[in-house]
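Below is one structure, written out as structure tokens; comments come after it.
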Amino acid sequence: MLTLRPRVRACVLVALSAAFAGCGDIDADEEPFVGTHLYQEPMGAFDLRLLVPPWIPPVVYAGQTFSVVTPMNATITTDPTVLLSEALYSLQVSPMSGDPAAAMQAIQVTLPGTGATVAGVSVLTASGATGVEMAWQEGAAVFHRDAFVARPGTATYRLHFTAKKDITDEAMVGQMIASFTPKK
Amino acid sequence: MTTSGRVSLVFALIACSRLAAAQQTAADTEEIDDPKVARRLGTRIWWGTSPPPPAPAPRPAAVPNATVAATASTAPAPTAADVDGGLPTLARTAQPPLTAGASEWVAPRLKLAYRHFNFVQIGASSSINGAVASEPFNSVGIDVYPLTSLVRVGLSSQYGWQSGNFVSNGDYFAAQSVSLGVQYLEAGRFVPFAEAFGGVGYMRRLQFDRTVPTLYWQLGVDVGTEVYFARTGYISLAIGYLRPVNGFARVQQFETVFVDTWSFKLGIGI
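Residue numbers (numbering that gives the first Met the number 0), protein chains in the order written: chain A, 0 to 183; chain B, 0 to 269.
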């Protein structure tokens with residue numbers, strides 16, 4: 000029977016461990032939303048997946064759940080207004096009344112200027128929730144994308160994204176919408 | 000015996016010895032070939048007579064030019080150590096004639112290579128089921144082979160970028176790899192090879208317009224061939240299996256994500 004000295008045995012174990020760890024933990028072809036963090040709303044209203052970092056873990060403020068991607072020179076503050084105004088990207092999740100189409104219509108009529116640049120695109124998430132989304136521009140460097148989703152028996156939720164560039168077809172934003180799971 | 004008789008005997012012996020010296024054969028005048036014997040016997044002393052003149056040096060055999068002239072260099076002039084008693088003892092160094100084939104091609108030592116493979120864009124998906132978006136990568140690298148014979152060991156410095164975004168607007172990585180493989184140098188112009196490699200480096204992920212520093216490493220196997228177009232120049236073609244791995248922070252955990260993919264490698268080297 001093969002016997003090894005303790006030091007040699009330890010080295011072999013370390014080498015084998017390193018080899019297995021070096022192969023990686025998660026197969027990106029097998030696991031959905033790979034690399035993202037699962038956020039669960041404290042009251043269990045919904046789940047959401049996002050990259051943390053660069054997103055900061057979501058917080059609840061004044062009935063809204065929000066998260067931001069801060070710039071490198073961000074002001075260190077707990078004031079949500081400052082955080083949202085400086086953010087490269089921001090997300091605000093809030094419950095809405097009515098079904099997704101009605102909720103979007105209620106928001107659409109209040110939009111400034113020419114309204115939505117892209118409106119009425121249907122949404123289907125990984126959890127089976129359905130809804131609609133629209134994109135619109137508020138200013139020269141203020142772009143929005145809103146998704147309204149719900150599942151049978153749950154409230155309608157508005158996912159309100161804001162960025163400094165057009166995010167209509169942004170795949171990373173699309174993944175966040177696709178991961179949204181209404182629960183209440 | 001009387002005194003006069005003794006003197007007569009001495010003179011007779013001297014005369015005989017002179018007569019014998021004058022009748023020495025050519026074999027007696029030849030140099031001692033074996034250096035050990037020569038050292039043991041020392042310098043020959045010619046008692047009462049002068050040494051015979053050296054025999055004329057034999058002419059070196061003519062070397063047919065057709066066998067070596069095209070490939071062997073001209074032999075250097077004999078040095079003092081190569082001359083014994085004025086006779087050159089070493090006309091030229093022996094060199095085996097080169098044969099056409101494997102020896103015509105210098106084994107790979109340096110390569111500039113381009114590789115293409117698919118990785119994933121962490122955090123991006125274009126499908127509702129959350130399948131991660133594919134992210135094609137291109138890379139260029141310098142491969143050096145400090146050991147190159149039947150077995151070859153290589154060091155590769157590599158820079159890769161997200162296809163379509165060279166530096167500023169996408170993901171990129173820089174990695175250093177080590178390879179170990181075998182190659183068949185006797186095949187002539189085509190040198191097939193197979194090598195395994197592994198490397199580590201830095202990967203910049205651009206996520207939501209923020210630079211996220213991550214770790215990158217890779218494991219892979221390449222199979223291909225070097226095609227020589229000159230004695231010291233070749234192009235290289237290879238396909239291989241590659242497992243790129245990305246390690247990054249997820250909240251307060253370190254997470255590693257990998258894919259298994261094919262890669263294509265094209266290079267030029269000396």
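Think of the CB as a built atom: it goes at the ideal place given N, C-alpha and C, for glycine as much as any other residue. None of the values given here were measured: they were computed from a predicted structure.
Quiz prompt | Nearest-angstrom Cα separation, counted from T180/A out to G43/A | solution = In the first sequence, residue 43/A corresponds to position 44, counting from 1. In the first sequence, residue 180/A corresponds to position 181, counting from 1. Cα atoms of G43/A and T180/A: separation of roughly 10 Å, rounded to the nearest angstrom.
Self-check item: Under 9 Å from the C-beta of A170/A: neighbouring residues of chain B
Solution: Along the first sequence, one-based indexing puts residue 170/A at 171. Close partners of A170/A in chain B (Cβ separation under 9 Å): Q120, G122, A123, S124, S125, A132.
Exercise. Could you have a look at S125/B and say whether DSSP puts it in helix, strand or coil?
Key: By 1-based counting over the second sequence, the position of residue 125/B is 126. Three-state result, S125/B: coil.
Self-check item: CA nearest to the CA of V150/B, picked from G169/B, L179/B, G163/B
Solution: The residue given as residue 150/B occupies position 151 in the second sequence. Among G169/B, L179/B, G163/B, the Cα nearest to that of V150/B is on L179/B.
Exercise. Using the DSSP secondary-structure output, state which residues sit across from Q104/A in a beta bridge.
Key: Start at 1 with the first residue of the first sequence, and residue 104/A comes out as number 105. Answer is none; Q104/A lacks a bridge partner.
Quiz prompt | Per DSSP, cross-strand counterpart(s) of P243/B | solution = Counting from one through the second sequence, the residue named residue 243/B turns up at place 244. Answer is Q217/B.
Quiz item: Out of S178/A, A105/A, T124/A, which has the shortest C-alpha to C-alpha gap to V33/A?
Solution: The residue given as residue 33/A occupies position 34 in the first sequence. The residue with the shortest Cα to Cα distance from V33/A is S178/A.
Self-check item: Sequence-distant residues of its chain with Cβ nearer than 6 Å to L100/A (five each side left out)
Solution: The residue labelled residue 100/A in the question sits at position 101 within the first sequence. The identity of residue 100/A in the sequence shown is Ala, whereas the question assumes Leu. If we look at A100/A and ignore the five residues flanking it on each side, its Cβ neighbours are V131.
Quiz item: Whose CA, out of G232/B, V258/B, F189/B, lies closest to the CA of Y215/B?
Solution: Taking the second sequence and counting its residues from 1, one reaches residue 215/B at position 216. Checked all of G232/B, V258/B, F189/B; the closest Cα to Y215/B is V258/B.
Self-check item: Under 7 Å from the C-beta of N128/B: neighbouring residues of chain A
Solution: Position 129 of the second sequence, counted from the start, is the residue given in the question as residue 128/B. Taking the beta carbon of N128/B as reference, the chain A residues within 7 Å of it are P31, A125, listed in sequence order.
Quiz item: Is the stretch 88-95 of chain A in contact with the stretch 58-69 of chain A, if contact means three or more CB pairs nearer than 8 Å?
Solution: yes
Self-check item: First through last residue of the beta strand (DSSP E) which encompasses E194/B
Solution: Residue mapping note: residue 194/B aligns to position 195 of the second sequence, counting from 1. Note, E194/B: beta strand (DSSP E), 189-206.
Exercise. Compare the C-beta of G34/A with all C-beta atoms of chain B and state if any pair is closer than 7 Å.
Key: As a first step, residue 34/A must be located in the first sequence, where it is residue number 35. For G34/A, the answer is yes, since a Cβ of chain B falls inside 7 Å of its Cβ.
Quiz item: Is it the case that the Cβ atoms of A125/A and G129/B are separated by a distance below 7 Å?
Solution: For the purposes of this step, residue 125/A is taken as residue 126 along the first sequence, with counting starting at 1. For the purposes of this step, residue 129/B is taken as residue 130 along the second sequence, with counting starting at 1. Closer than 7 Å, so yes.
Exercise. Starting from the N-terminal side, write out each stretch of the beta strand (DSSP E) that is 3 residues or longer and does not extend beyond the stretch 109-171 of chain B.
Key: Segments of the beta strand (DSSP E) lying fully in the stretch 109-171 of chain B: 109-124, 131-147, 150-161.
Self-check item: the stretch 45-55 of chain A touching the stretch 147-161 of chain B, judged by at least three CB pairs closer than 8 Å
Solution: no
Quiz prompt | Cβ of L110/A within 7 Å of any chain B Cβ | solution = What you label residue 110/A is simply residue 111 of the first sequence in a count that begins at 1. So no, L110/A is outside the interface.
Self-check item: Beta-carbon contacts of A19/B that lie in its chain and below 8 Å, excluding the five residues immediately before and after
Solution: Locating residue 19/B in the second sequence gives position 20, where the first residue counts as 1. Confidence is the limiting factor: at A19/B the pLDDT is only 46, short of 50, which leaves the residue's position unreliable, though a coordinate-based value still follows. Around A19/B: no qualifying Cβ.
Exercise. Using only alpha-carbon positions, find the residue among Q217/B, I121/B, Q161/B that is nearest to A248/B.
Key: Numbered from 1 along the second sequence, position 249 holds the residue referred to as residue 248/B. With distances taken between Cα atoms, A248/B lies closest to I121/B.
Quiz prompt | Where M95/A sits in the DSSP three-state scheme | solution = Looking up residue 95/A in the first sequence gives position 96. The answer is strand: DSSP assigns M95/A an E or B state.
Quiz item: Along chain A, in chain order, which residues have C-beta atoms closer than 8 Å to that of R242/B?
Solution: For the purposes of this step, residue 242/B is taken as residue 243 along the second sequence, with counting starting at 1. Result: C22, G23.
Quiz item: Taking the C-alpha atoms as reference points, what is the distance between T66/B and A193/B?
Solution: On the second sequence, position 67 is the one that residue 66/B refers to. On the second sequence, position 194 is the one that residue 193/B refers to. Note that T66/B has pLDDT 43, beneath the 50 cutoff, so the model's placement of it is unreliable and no number is given.
Quiz item: So, is the C-beta of T260/B closer than 7 Å to a C-beta in chain A?
Solution: By one-based count along the second sequence, residue 260/B stands at place 261. Closer than 7 Å: no.
Exercise. Would you kindly check if the distance between the Cβ of D24/A and the Cβ of T255/B is under 7 Å?
Key: Reading the second sequence from its first residue, position 256 is the one you call residue 255/B. Reading the first sequence from its first residue, position 25 is the one you call residue 24/A. Less than 7 Å separates the beta-carbon of T255/B from that of D24/A.
Quiz prompt | Chain-ordered chain A contacts of V250/B [CB-CB under 9 Å] | solution = Residue mapping note: residue 250/B aligns to position 251 of the second sequence, counting from 1. Those are H36, V51, P52, P56, listed as they occur along chain A.
Quiz item: In terms of residues, what are the limits of the beta strand (DSSP E) holding S121/A?
Solution: Residue mapping note: residue 121/A aligns to position 122 of the first sequence, counting from 1. Here the beta strand (DSSP E) through S121/A covers 115-123.
Exercise. Check the C-beta distance from V244/B over to Q217/B and give it rounded, since I have them as a contact under 8 Å.
Key: Looking up residue 244/B in the second sequence gives position 245. Looking up residue 217/B in the second sequence gives position 218. Going by Cβ atoms, the distance from V244/B to Q217/B rounds to 7 Å, so yes, they are a contact pair.
Quiz item: Is there at least one Cβ from chain B nearer than 7 Å to L12/A's Cβ?
Solution: As a first step, residue 12/A is located in the first sequence; it is residue number 13 there, counting from the start. By this cut-off, L12/A is not an interface position.
Quiz item: Taking 7 Å as the CB-CB limit, is T231/B close to chain A?
Solution: Residue 231/B sits at position 232 when you count from the first residue of the second sequence. With 7 Å as the cut-off, T231/B does not count as an interface residue toward chain A.
Practice problem: Could you work out which residue in A237/B, G268/B, F253/B, Q252/B is closest to F116/B when comparing CA atoms only? | Solution: Residue numbering aside, residue 116/B sits at position 117 when the second sequence is read from its first letter. Checking every option, the nearest Cα to that of F116/B belongs to A237/B.
Exercise. Whole angstroms is fine: what's the gap from Y233/B's alpha carbon to D221/B's?
Key: For the purposes of this step, residue 233/B is taken as residue 234 along the second sequence, with counting starting at 1. For the purposes of this step, residue 221/B is taken as residue 222 along the second sequence, with counting starting at 1. For Y233/B and D221/B, the gap between their C-alpha atoms comes out near 17 Å.
Quiz item: What whole-angstrom Cβ distance do A128/A and A149/A have, given they're in contact under 8 Å?
Solution: As a position in the first sequence, residue 128/A is number 129, starting the count at 1. As a position in the first sequence, residue 149/A is number 150, starting the count at 1. Contact holds; Cβ gap of about 6 Å.
Self-check item: Beta-carbon neighbours of L218/B, restricted to chain A and to distances below 8 Å
Solution: Taking the second sequence and counting its residues from 1, one reaches residue 218/B at position 219. Here the neighbours are G21, C22.
Quiz prompt | Neighbour list for L87/A in chain B, Cβ cutoff strictly below 7 Å | solution = Start at 1 with the first residue of the first sequence, and residue 87/A comes out as number 88. Near L87/A (Cβ distances below 7 Å), the residues of chain B are F207, D208, R209.
Quiz prompt | Local conformation of I25/A per DSSP, three classes | solution = Counted from its first residue, the first sequence places residue 25/A at position 26. I25/A falls in the strand class under three-state DSSP.
Self-check item: Length of the line joining the Cα atoms of I237/A and R114/B
Solution: No answer is possible for residue 237/A: it lies beyond the span of chain A, which begins at 0 and ends at 183.
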